[in-house]
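Structure, as structure tokens:
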Amino acid sequence: MTTGSLLGAIDLIGSPESVSLARAYVREKLGREHPALHDVTLLVSEVVTNAVVHSDSGNGGTVTLVLADRHEFIHVDVVDAGGGDAPRVCCDLYGEGGRGLLLVQEISHRWDVLQHPAGRTVWFQVKYTREK
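Rendered as structure tokens:
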């Protein structure tokens, strides 16, 4: 069993401005020197953007971001109100958008989408190794 610590959770308004707040929150909680900082920040940006644009949390609902450090990976949950379509990986490399979950799939160690009565959670884990 892997132990770890909850770094924090924040409720964000379901609006485009919250994406930059989510990135700032990741930087604050992980710190400038964390080896997974850049990957986690990028993936949080993509998943929170998806929640704001494609879920019922958009237009002023709530998106919750949760960060945990499990000592060998950072675990992230992004919880939104759900919506009509389940998030899926888009494979149109030349499209104008739709590559957020492709980045999550390629960069994260593990990820998934969970549907639940309150909405849905997109979670991912980014492995890291600390320098000694």
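The UniProt record's numbering puts the first residue of the sequence shown at 1, with every later residue one more than the last.
Don't be surprised by glycine CBs; every beta carbon is placed ideally from N, CA and C.
Range of the contiguous alpha helix (DSSP H) that encloses residue i
i       : result
Ser-20  : 17-30
Ala-51  : 37-54
Gly-100 : 100-107
Buried versus exposed call for residue i [16 or more other C-beta atoms within 10 Å across all chains shown]
i       : result
Leu-67  : buried
Ser-18  : buried
Ser-108 : buried
His-71  : exposed
Ser-20  : exposed
Arg-130 : exposed
Gln-125 : buried
Ala-51  : buried
N- and C-terminal bounds of the beta strand (DSSP E) containing residue i
i      : result
Ala-68 : 62-69
His-75 : 73-80
Ser-5  : 5-13
Contact check, residue i vs residue j, beta carbons under 9 Å
i           : j       : result
residue 200 : Val-76  : This structure leaves residue 200 out entirely; the chain is present only between 1 and 132.
Phe-73      : Lys-29  : no
Gly-82      : Gln-115 : yes
Gly-14      : Ser-55  : yes
Leu-103     : Val-122 : no
Asp-80      : Gly-119 : yes
Leu-65      : Ala-22  : yes
Residues bridged to residue i [DSSP beta-bridge criterion]
i       : result
Asp-112 : Trp-123
Subject >> Any 3 or more C-beta pairs closer than 8 Å across the segment 36-44 and the segment 2-13 >> reply: No, they do not touch.
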